[in-house]
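For the sequence shown, this note's numbering begins at 569 and goes up steadily by one. We put the CB at the ideal spot given by N, CA and C, even for glycine. No experiment lies behind these values; they were computed from the predicted model shown. Working notes, beginning with the structure itself.
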Amino acid sequence: MGLLLVACLPGFWWQPHQATTVRQDYRSEMAPTFLVPGSSATQNRFNDLVKQLNQSSKNKHSLLRVEVMENGHLKYSGQLRRGDRRPYIVVGFQNHHDGYTNILKQAKWFTIAFKALQATYKFNHFSGMGHSNGGLVLTLFMEHDLAKTGAHADRLMTIGTPFNLEVSDPNEDTQLFKDLTADRDRLPRQLIVYSIAGSKTFTGDGIVPFDSVNRGKYIFQGRVKGFTQMTITGADANHADLPENQQIAELIQQDLLS
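Here's what the structure looks like:
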């Protein structure tokens with residue numbers, strides 16, 4: 569009997585271990601793409617972009633917009649089509665003002681929306697795109713709160729994201745940049761990241777300096793599975809127009825949605 573128990577011990581250990589591994593590796597059929605706008609933009613910011621993406625793709629996806637109120641309540645508009653496995657979900661904020669303190673608040677408000685949507689739609693992996701401060705919101709979420717949700721982040725695309733805010737001096741580090749670099753080891757190791765800068769002038773996109781966007785490499789490189797940095801020039805390369813830029817729409821189709 570003693571020998572039998574010893575022989576069974578590996579099986580007792582293996583079964584719960586296998587169940588844990590299966591849960592970790594399982595990917596839900598639904599994998600939404602979260603879109604987060606920057607300061608002064610609402611949950612309607614990406615209406616034209618989504619229309620453009622759907623027009624250029626054989627697979628057209630539905631759009632759900634969520635506004636997070638300052639008290640944490642959520643307002644919904646649009647809807648997810650039944651059977652749509654790759655819907656777009658835009659998360660905007662009632663308080664969409666700029667500034668270090670507000671960006672930290674917005675990251676926490678995004679977490680509230682993410683958890684509520686996850687509970688409703690039962691997804692466990694996703695991709696994200698953030699324009700301007702929206703990229704900061706997603707990065708902060710992935711550093712601080714993603715692990716608590718049990719979800720997997722597949723891909724992240726940041727567009728004109730000021731990782732050092734509006735500071736152009738390469739020798740000056742903002743508190744936000746210090747926060748992001750201090751917690752970069754919390755980023756998901758299997759994440760693939762694309763950082764896009766716009767080029768209206770030789771120094772930036774008219775609002776965000778190149779140096780601020782380029783600092784993304786100090787946050788992501790060596791901490792995630794892949795990091796690619798790109799610069800867009802030509803028409804619609806200024807900060808406000810980047811989400812409607814045709815080149816960026818093509819990059820979203822190619823790198824974020826594929």
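Cβ-heavy atom distance, residue i to the ligand ZN, below 8 Å
i: H665; result: Questions concerning the ligand ZN fall outside what the structure shown contains, since it holds no ligand whatsoever.
Euclidean distance between Cα positions of residue i and residue j
i: R595; j: H693; result: 7 Å
i: N794; j: M710; result: Correcting the residue type first, residue 794 is Gly in the shown sequence and not Asn. One C-alpha to the other measures close to 15 Å.
i: G802; j: A687; result: 42 Å
i: F778; j: G784; result: 11 Å
i: I787; j: L748; result: 7 Å
i: A599; j: T729; result: 24 Å
i: A609; j: G702; result: 10 Å
i: F731; j: T771; result: 15 Å
i: G757; j: L714; result: Looking at the sequence itself, residue 757 is Arg, so the reference to Gly does not match. So the alpha carbons of these two residues sit roughly 12 Å apart.
i: L819; j: D616; result: 16 Å
i: Q815; j: R723; result: 18 Å
i: T799; j: M725; result: 13 Å
i: F691; j: H664; result: 27 Å
i: G640; j: W677; result: 7 Å
i: L810; j: V658; result: 17 Å
i: N670; j: L704; result: 11 Å
i: L708; j: T679; result: 10 Å
i: E638; j: P738; result: 34 Å
i: S607; j: G651; result: 33 Å
i: G766; j: M697; result: 15 Å
i: V604; j: G660; result: 6 Å
i: D753; j: G790; result: 9 Å
i: A684; j: L632; result: 13 Å
i: G774; j: F614; result: 20 Å
i: A681; j: L642; result: 7 Å
i: S630; j: V618; result: 9 Å
i: A675; j: R649; result: 27 Å
Residue i: first and last residue of the uninterrupted beta strand (DSSP E) it sits in
i: F745; result: Here F745 belongs to no beta strand (DSSP E); instead the alpha helix (DSSP H) covers Q743 to A750.
i: V705; result: That residue, V705, is in no beta strand (DSSP E); its alpha helix (DSSP H) goes N701 to H712.
i: D818; result: According to the sequence provided, residue 818 is Glu. The question's Asp does not apply to it. First-last for E818: Q814 to L819, but that is the alpha helix (DSSP H), not the beta strand (DSSP E).
i: T827; result: Because residue 827 is not part of the residues shown, which for the chain are 569 to 826, the question remains open.
Any chain B beta carbon closer than 9 Å to residue i
i: T707; result: In the displayed structure, chain B is absent; only one protein chain is listed.
As assigned by DSSP and simplified to three states, the class of residue i
i: F770; result: coil
i: P777; result: strand
i: V590; result: Only weak support is given to the placement of V590: the predicted model assigns it a pLDDT of 39, under 50, and the question is left unresolved by the model.
i: A551; result: This structure cannot speak to residue 551, because the chain is shown only from 569 to 826.
i: L648; result: coil
i: L810; result: helix
i: K716; result: helix
i: D823; result: helix
i: N627; result: coil
i: E753; result: The identity of residue 753 in the sequence shown is Asp, whereas the question assumes Glu. DSSP places D753 in helix when its eight states are reduced to three.
Endpoints, the alpha helix (DSSP H) within which residue i is located
i: D616; result: N615 to Q623
i: Q686; result: Y668 to Y689
i: F788; result: G784 to F788
Cβ-Cβ distance between residue i and residue j below 9 Å
i: I760; j: V735; result: no
i: L744; j: Y689; result: no
i: S695; j: L824; result: yes
i: V781; j: S763; result: yes
i: S700; j: H807; result: yes
i: H712; j: D751; result: yes
i: Q821; j: L621; result: yes
i: T849; j: Y656; result: Since the displayed the chain opens at 569 and closes at 826, residue 849 lies outside it and no answer follows.
i: N654; j: N612; result: Residue 654 is actually Arg in this sequence, not Asn. The answer is no: Cβ separation not under 9 Å.
Those residues which DSSP pairs with residue i across a bridge
i: L724; result: G696 and V761
i: K643; result: E635
i: M798; result: I764
i: T729; result: Bridge partners of T729: none, in fact.
i: G660; result: E635
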